[in-house]
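K.L.:
Taking mature numbering (1 follows the signal peptide of the UniProt record, and there is no 0), I'd label the letters of the sequence shown as residues -24 to -1, 1 to 414. Beta carbons are placed, not taken as given, at the ideal position from N, Cα and C, and that holds for glycine. Structure in C-alpha cells, see below.
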Amino acid sequence: MRTRPRWPALAATAALMLAAAACSQEEAPPTAGEGPAATTTCASKGDLTMWERSGGNKQMVDMLVEAWNTKNPDCKIKLTYIPHTEMVGKIAQGIASGEVPDLMGMDLIYAPQFEKAQQLVDLTDRLKDWSELKTASKGHMTVATYQNRLFGVPLYADVSALFYNKDLFSRAGLDPTKPPTSLGELRSYADKISALGGDIKGYYLPGNCAGCNIFTVGPLMWASGAKIEAAGPGDEPLVGDGVKQVLQFTRDMVKSGNVHAGDRTENGETFHLQFGSGKVGMMGTGNFNITLAREQNPTMKFGIALLPGMAPNSSASFIGGDLVVVPKGSKRVNDAVNVMKFLLSDEVQVEVYAKALNLTTRSDMVDNKYFKAEPLVQDVAKALTVGRTPYTLTFFEQINSPQGPWLKLLQRAYYSEDNLDTVIADGKKEMKAIAAQS
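Here is the structure:
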C-alpha cells in the first residue's frame, strides 16, 4: 500500500542548526567537468548510504533502491529512513560533523534553503548535458536549481488533482463523464451532491492542515491567476484577484453545507482516507489516492480531473515529492550521480515507476504500456503539464507552519465573517515580514 505524504513540519531549531552548519564549512567550488561520464552502474565498490524522509512515498523509494541493488550488487544502497520532522536537523548536524550519507532524498520544497546555505554538492557540470533533464518534472527542476546551478534530480513526484465520485455524480443526476471545469461548476455540482442528504457532502476542505491546503486550494488560486507566497525580500505575496475569489468560493462552500463539519479539525492525519470513504463527491487530493481509494473502497467508481480555476477550462496543480541530492561531504559523488542517471533512465522510468503505477518523473515517459492500461494514471499525469512548485527560502514559515499566515488566512476565510480584504491584507503583511528575514 502506498503511504500518504505527510505534510512537512520543520522546527525552528532545525533552521538555526542549518544556519550554523552553513557557517561551519566552506568548500571550493566544483571543477568544470569533474568526474567520469555518468552511467547507470557503480563507479566504485562498497555499499552506498542513503537517507530518505519517512512519510513520503516509501513504496516507490523502496522499489527504486531494490532495482538499483539488483543491478549493482557490488555497490548496494543501504537506505535509512529518518523521521520527517527530524530530517532537516539530522542533515544539518551531519554536514557540520562530516557524518553524511553518500546521497539522500529531500522533500523538494526545502531544497532552495539548503542550496542557498551551500550544503549540497553543485552537480551542474556533471549533469548539464543530460538529455533526460529536458523532460524531467519542471517543478522538481525549478527547486533543484539555485542561481542557475543544479543540485539534484527528481526522486518521485506527487501531483494534486480533482478526484470525483462517479457513483455520487450519477445519484445526483450529474454526468459522471463530465467533471467540473470551473469553480462555478464545482459549486453547482457540490450543491446537487450534498442535496442527496445523509452523511454525503459535495466537497472536502481540510480545515486545520496548512500543507493539505497549499496542495489542493493553492492550485485553485494559481488557476485563477493568483500568486501566493513571497519568493524573497521585497516580493509581494497574495497577488491577483484569484486570491479573494477562491477565498470567497471556499467560504461559500462551508456556509452552504457542502463540506462535513468535522473537516474543520482535519490536520492531515486522516486526509488520505477521506475520498475513499465514499461520502465525498469531489476532493482535491494526490495521485497516491488512486491506490488508497481502491483498497479502501473497491466497488467505488471514480474519475480524476484537473483542479479548476474561476474561468472555464483553467487549471493548475501542485507538484510535490522528493529530489535526490548529494550532501556536502559525500565521498561517493560519482556513484551518487550514477544513481541519478539510473533513476532517469528509460528502463527505470517505465519498468519501475510506471509498472507500479507511480508517476514517471519524465514527461516523455508517460506514454507507456502500463499507463495505457490504467486510464486514471493517464488522467492524473496530465497535472504535470499544469503543475508548479512554490520557490521560496521561507516556505515553512510562510506556508506550512501550523501557526503560519497561510493557515490563519484560510481559517478566517472558511470559518469567520471577517472582511476578506482585511484577511488578505493581514496575511500579506505577515508573509512579507517573514520573507524579509530570509
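Is DSSP giving residue 333 helix, strand or coil here?
P.N.:
Position 357 of the sequence shown, counted from the start, is the residue given in the question as residue 333. In the structure shown, residue 333 sits in coil (DSSP, three-state: anything other than H, G, I, E or B).
K.L.:
Hey, is residue 300's beta-carbon within less than 9 Å of any beta-carbon in chain B?
P.N.:
This model lacks chain B altogether, as it is built from one protein chain only.
K.L.:
To which residues of the same chain is residue 261 closer than 6 Å at the C-beta, ignoring the five residues directly before and after it?
P.N.:
Residue numbering aside, residue 261 sits at position 285 when the sequence shown is read from its first letter. Closer than 6 Å at the Cβ level, and outside the excluded window around residue 261, lie 139, 251.
K.L.:
In chain order, what residues of the same chain lie with their CB nearer than 7 Å to the CB of residue 338, ignoring the 5 residues before and after it?
P.N.:
Here residue 338 refers to the residue found at position 362 of the sequence shown. Same-chain partners within the cutoff: 108, 111, 112, 320, 325.
K.L.:
According to DSSP, which residues form a beta bridge with residue 168?
P.N.:
As a working note, residue 168 is residue 192 in the sequence shown. DSSP output for residue 168 lists no bridge partner at all.
K.L.:
So what does residue 294 bridge to, in DSSP terms?
P.N.:
In the sequence shown, residue 294 corresponds to position 318, counting from 1. DSSP, once it has assigned bridges, lists 364 as partnering residue 294.
K.L.:
I need the DSSP call for residue 109, collapsed to helix, strand or coil.
P.N.:
Stepping through the sequence shown from its first residue, residue 109 is reached at position 133. Of the three classes helix, strand and coil, the one that applies to residue 109 here is helix, per DSSP.
K.L.:
Out of 116, 397, 73, state which residue places its alpha-carbon closest to the alpha-carbon of residue 306.
P.N.:
Locating residue 306 in the sequence shown gives position 330, counting from the first residue. Of the candidates 116, 397, 73, the one whose C-alpha sits nearest the C-alpha of residue 306 is 73.
K.L.:
Rounded to whole angstroms, how far is the Cβ of residue 293 from the Cβ of residue 135, which I believe are closer than 8 Å?
P.N.:
Here residue 293 corresponds to residue number 317 of the sequence shown, with the count starting at 1. Here residue 135 corresponds to residue number 159 of the sequence shown, with the count starting at 1. Right, the Cβ-Cβ distance comes to about 5 Å (below 8 Å), so this counts as a contact.
K.L.:
Whole angstroms is fine: what's the gap from residue 178's alpha carbon to residue 392's?
P.N.:
Residue mapping note: residue 178 aligns to position 202 of the sequence shown, counting from 1. Residue mapping note: residue 392 aligns to position 416 of the sequence shown, counting from 1. Cα-Cα distance, rounded: 21 Å.
K.L.:
Tell me which residues share the same chain as residue 215 and place their Cβ nearer than 6 Å to its Cβ, disregarding the 5 neighbours each side in the sequence.
P.N.:
Taking the sequence shown and counting its residues from 1, the one referred to as residue 215 is at position 239. Only 203 meet the Cβ criterion.
K.L.:
Hey, which unbroken runs of the beta strand (DSSP E) at 3 residues or more fall wholly within the region 149 to 194?
P.N.:
The region 149 to 194 contains these whole beta strand (DSSP E) runs: 177 to 179.
K.L.:
Sort 131, 345, 406 by Cα distance to residue 33 and report the nearest one.
P.N.:
Reading the sequence shown from its first residue, position 57 is the one you call residue 33. It is 131 whose Cα lies nearest to the Cα of residue 33.
K.L.:
Please say whether residue 209 and residue 30 have beta carbons closer to each other than 9 Å?
P.N.:
Sequence index remark: in the sequence shown, residue 30 carries index 54 (1-based). Sequence index remark: in the sequence shown, residue 209 carries index 233 (1-based). The answer is no: Cβ separation not under 9 Å.
K.L.:
Keeping to the same chain, check which residues put their C-beta closer than 7 Å to that of residue 278; ignore five residues upstream and five downstream.
P.N.:
Numbered from its first residue, the sequence shown carries residue 278 at position 302. These residues qualify, in order along the chain: 139, 140, 141, 142, 269.
K.L.:
Would you call the CB atoms of residue 370 and residue 400 closer than 9 Å?
P.N.:
On the sequence shown, position 394 is the one that residue 370 refers to. On the sequence shown, position 424 is the one that residue 400 refers to. No. Outside cutoff.
K.L.:
Whole angstroms is fine: what's the gap from residue 364's alpha carbon to residue 117's?
P.N.:
As a working note, residue 364 is residue 388 in the sequence shown. As a working note, residue 117 is residue 141 in the sequence shown. C-alpha separation (whole angstroms): 10 Å.
K.L.:
Within 10 angstroms of the Cβ of residue 412, are there 16 or more other Cβ atoms? Answer buried if so, exposed if not.
P.N.:
Translated into the one-based positions of the sequence shown, residue 412 becomes position 436. That one is exposed.
K.L.:
Taking all protein chains shown into account, decide if residue 22 is buried (16 or more other Cβ within 10 angstroms of its Cβ) or exposed.
P.N.:
Within the sequence shown, the letter at position 46 stands for residue 22. Exposed, because fewer than 16 other Cβ atoms sit within 10 Å of the Cβ of residue 22.
K.L.:
Helix, strand or coil, according to DSSP, for residue 118 in the structure here?
P.N.:
Within the sequence shown, numbered from 1, the residue matching residue 118 stands at position 142. Note: residue 118 maps to helix in three-state DSSP.
K.L.:
Between the Cα of residue 390 and those of 286, 257, 222, 102, spot the shortest distance and give me the residue it belongs to.
P.N.:
Stepping through the sequence shown from its first residue, residue 390 is reached at position 414. The residue with the shortest Cα to Cα distance from residue 390 is 222.
K.L.:
Do you know how far the Cα of residue 152 is from the Cα of residue -14?
P.N.:
Stepping through the sequence shown from its first residue, residue -14 is reached at position 11. Stepping through the sequence shown from its first residue, residue 152 is reached at position 176. With a pLDDT of 40 at residue -14, under the threshold of 50, the modelled position of this residue cannot be trusted; read the value that follows with caution. Cα to Cα, the separation comes out at about 44 Å.
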